[in-house]
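Be aware that the sequence shown starts at 0, since it is given in numbering that gives the first Met the number 0, and climbs by one per residue.
A virtual CB, placed ideally from N, CA and C, is assigned to each residue, including glycine.
Here is the structure we will look at.
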Amino acid sequence: MNPLSIEKRNLVLRSMTKLVEQERNQIILTNQEDLLAYDGSDLAMEERLKVDDKKVNEMILSLNQLASQEDPVGVERFHFVHDNGIKVINKTAAFGTILIIYESRPDVTIEAGGIAFKSGNKILLKGGKESLKSNLKIVDLWHQALEENGVSKDWVEYLNYNRTETQAFLEKPTQKVDLIVPRGGEKLIEFVKAHATCPVIVSGRGNNFVYVHEKADTDLALKVILNAKTSKISACNAVDKVLIDSKLPNFEGFVAILIEELKEFNVEVIVDESLKSFEDTETLQNEDIWYEEFLDYKIVIGTIDSEANAIEKINKYCGGHSAVIITRDDKAAQEFMEAVDAAAVYQNASPRFTDGGQFGLGGELAISTDKLHQRGPIGLQHLVTNKWYVYGEGQIR
Numbered sequence: 000m001n002p003l004s005i006e007k008r009n010l011v012l013r014s015m016t017k018l019v020e021q022e023r024n025q026i027i028l029t030n031q032e033d034l035l036a037y038d039g040s041d042l043a044m045e046e047r048l049k050v051d052d053k054k055v056n057e058m059i060l061s062l063n064q065l066a067s068q069e070d071p072v073g074v075e076r077f078h079f080v081h082d083n084g085i086k087v088i089n090k091t092a093a094f095g096t097i098l099i100i101y102e103s104r105p106d107v108t109i110e111a112g113g114i115a116f117k118s119g120n121k122i123l124l125k126g127g128k129e130s131l132k133s134n135l136k137i138v139d140l141w142h143q144a145l146e147e148n149g150v151s152k153d154w155v156e157y158l159n160y161n162r163t164e165t166q167a168f169l170e171k172p173t174q175k176v177d178l179i180v181p182r183g184g185e186k187l188i189e190f191v192k193a194h195a196t197c198p199v200i201v202s203g204r205g206n207n208f209v210y211v212h213e214k215a216d217t218d219l220a221l222k223v224i225l226n227a228k229t230s231k232i233s234a235c236n237a238v239d240k241v242l243i244d245s246k247l248p249n250f251e252g253f254v255a256i257l258i259e260e261l262k263e264f265n266v267e268v269i270v271d272e273s274l275k276s277f278e279d280t281e282t283l284q285n286e287d288i289w290y291e292e293f294l295d296y297k298i299v300i301g302t303i304d305s306e307a308n309a310i311e312k313i314n315k316y317c318g319g320h321s322a323v324i325i326t327r328d329d330k331a332a333q334e335f336m337e338a339v340d341a342a343a344v345y346q347n348a349s350p351r352f353t354d355g356g357q358f359g360l361g362g363e364l365a366i367s368t369d370k371l372h373q374r375g376p377i378g379l380q381h382l383v384t385n386k387w388y389v390y391g392e393g394q395i396r
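In structure tokens form, the structure reads like this:
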């Protein structure tokens, strides 16, 4: 497909913004049909599936932010003039066609679709069956926005495939696909990686850790942990594991208060052997639980005897997403942040900020736990590849 000018892409995004606002009630009503059909077996899935006024407002905000951002395509990254006069320029370029495979989140059809489109790419959307009606409604709005601006509907395509059909498409695509981005649980990611025949950006599991250092502000630690665990359990940037330094002053008092406050939110608290004497907890039975992402009202708390051991444990078990140190010691914090192998590292703040919008990117396609080609939230600026432009006057080598 021929490239679209930035003016044309922005016009489509502006039209889409208006349509989402106009169709707000219909989007929510259509989503209610999906919610009623869902069996409710997975609390996190249900939370991600739901579209309400707040979600629609976030969709509109995302589209407005995208329309106002600079064009990520054609940005010069490198310029070199050879001794023989040849000019060599490297610029950003669109990937071509991006396939987004996701579970239960109709807002991805807006946000990820918009980021892919703004960065000059054709979009193939493959949502989960639980959100089919919501997704088809939103894709219909995309098609209206495209047609209103004289742009082919082929720029946004929905793949209404079952699992078998999806596997067949991944293994032998019926059209050229340049990049695949799976957004969902580990099973989805493993499925895509096993069958895809083109590059995949892994939007991996969370399983995020908070380490309460011996010089922590304990009031701050409580506030951060409670927010990170309970504000949105379906988010990949929620916290699942807490390590508390045994040298923390009033260690036992802090642990008791933390458990008590977590229980007020009906969080299931699992502790290691060193904390099994605390009431309202259960003792972990298997070390493999340290690897698990919960996406539920569930947390593991353990004792650690040094920052070095905390770093070692986090690097062994975490998902490479986000990790936090709570401390007033800036030197210890910097050592922790340099040594922990995660896409985002924090001092004294909730990992719930690991998000394209919160990081100033204007939304995200995904949060990558891979190290190539981009790590962490993938925003508009990152959804491009590059291309070399070489200008000569008959030079030969």
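With the cut-off set at 8 Å, would you say residue i and residue j are in Cβ contact?
{"i": "ASP177", "j": "GLY301", "result": "no"}
{"i": "LYS386", "j": "LYS125", "result": "no"}
{"i": "SER14", "j": "GLU147", "result": "yes"}
{"i": "VAL55", "j": "ILE26", "result": "yes"}
{"i": "LEU62", "j": "VAL107", "result": "no"}
{"i": "PHE250", "j": "TYR296", "result": "no"}
{"i": "ASP304", "j": "SER367", "result": "no"}
{"i": "THR16", "j": "ALA66", "result": "yes"}
{"i": "GLY378", "j": "ILE188", "result": "no"}
{"i": "PHE116", "j": "ARG204", "result": "no"}
{"i": "ASP271", "j": "LEU283", "result": "yes"}
{"i": "ILE288", "j": "HIS212", "result": "no"}
Considering only residues of the same chain and omitting the five flanking positions on each side of residue i, which have a CB-CB separation below 6 Å?
{"i": "LYS86", "result": "VAL80, TYR390"}
{"i": "ARG104", "result": "ARG47"}
{"i": "LYS192", "result": "VAL199"}
Using only the alpha-carbon positions, how far apart do residue i and residue j sit?
{"i": "VAL238", "j": "VAL199", "result": "26 Å"}
{"i": "GLU110", "j": "GLU337", "result": "31 Å"}
{"i": "LEU123", "j": "GLN31", "result": "25 Å"}
{"i": "TYR316", "j": "GLN346", "result": "20 Å"}
{"i": "GLU334", "j": "GLN380", "result": "29 Å"}
{"i": "PHE190", "j": "LEU247", "result": "43 Å"}
{"i": "ASP279", "j": "ILE256", "result": "12 Å"}
{"i": "LEU98", "j": "GLU292", "result": "25 Å"}
{"i": "ARG182", "j": "GLU363", "result": "11 Å"}
{"i": "LYS312", "j": "ALA234", "result": "22 Å"}
{"i": "CYS197", "j": "GLU267", "result": "41 Å"}
{"i": "GLY375", "j": "GLY359", "result": "13 Å"}
Who are the near neighbours of residue i in its chain, counting only those whose CB is closer than 8 Å to its CB and skipping five residues on each side?
{"i": "MET0", "result": "LYS121, SER151, ASP153, TRP154"}
{"i": "VAL254", "result": "ILE243, LEU274, PHE277, ILE300"}
Taking residue i as part of the alpha helix (DSSP H), name the residues at either end of that continuous run.
{"i": "ILE258", "result": "250-263"}
{"i": "LYS275", "result": "Looking at the DSSP string, LYS275 is not in any alpha helix (DSSP H), and its letter there is neither H nor E."}
Go through its chain and collect everything with a Cβ distance to residue i's Cβ below 7 Å, but skip five positions before and after it.
{"i": "SER349", "result": "VAL223, ASN226, ALA227"}
{"i": "ALA341", "result": "CYS317, GLY319, HIS320, SER321, ALA322"}
{"i": "ASP369", "result": "ILE200, VAL201"}
{"i": "ALA307", "result": "none"}
Verify the contact flag: residue i, CB atom, against every heavy atom of the ligand GTP, threshold strictly below 7 Å.
{"i": "ILE99", "result": "Because no ligand of any kind appears in the structure shown, any question about the ligand GTP cannot be addressed here."}
Less than 8 Å between CB atoms is the rule here; does residue i satisfy it with respect to chain C?
{"i": "GLN284", "result": "Considering every chain present, this structure includes no chain C. It has just one protein chain."}
Would you kindly report the start and end of the unbroken beta strand (DSSP E) that includes residue i?
{"i": "GLU267", "result": "267-270"}
{"i": "SER367", "result": "365-367"}
{"i": "ASP239", "result": "238-244"}
{"i": "GLU156", "result": "155-157"}
{"i": "ASN1", "result": "Here ASN1 belongs to no beta strand (DSSP E), and DSSP marks it neither H nor E."}
{"i": "ASN385", "result": "384-390"}
{"i": "LEU178", "result": "178-182"}
{"i": "ILE377", "result": "375-377"}
* Give, in chain order, every unbroken run of the beta strand (DSSP E) that is at least 3 residues long and sits entirely within the region 192-226. => 207-211
* Asked: At what residue ranges does the region 72-152 contain a whole run of the alpha helix (DSSP H), taking only runs of 4 or more?
  -> 105-117, 131-147
* To do: Please list the segments of the beta strand (DSSP E) lying wholly inside the region 295-368, counting only runs of 3 or more residues, in order along the chain.
  => 297-303, 321-325, 343-346, 365-367
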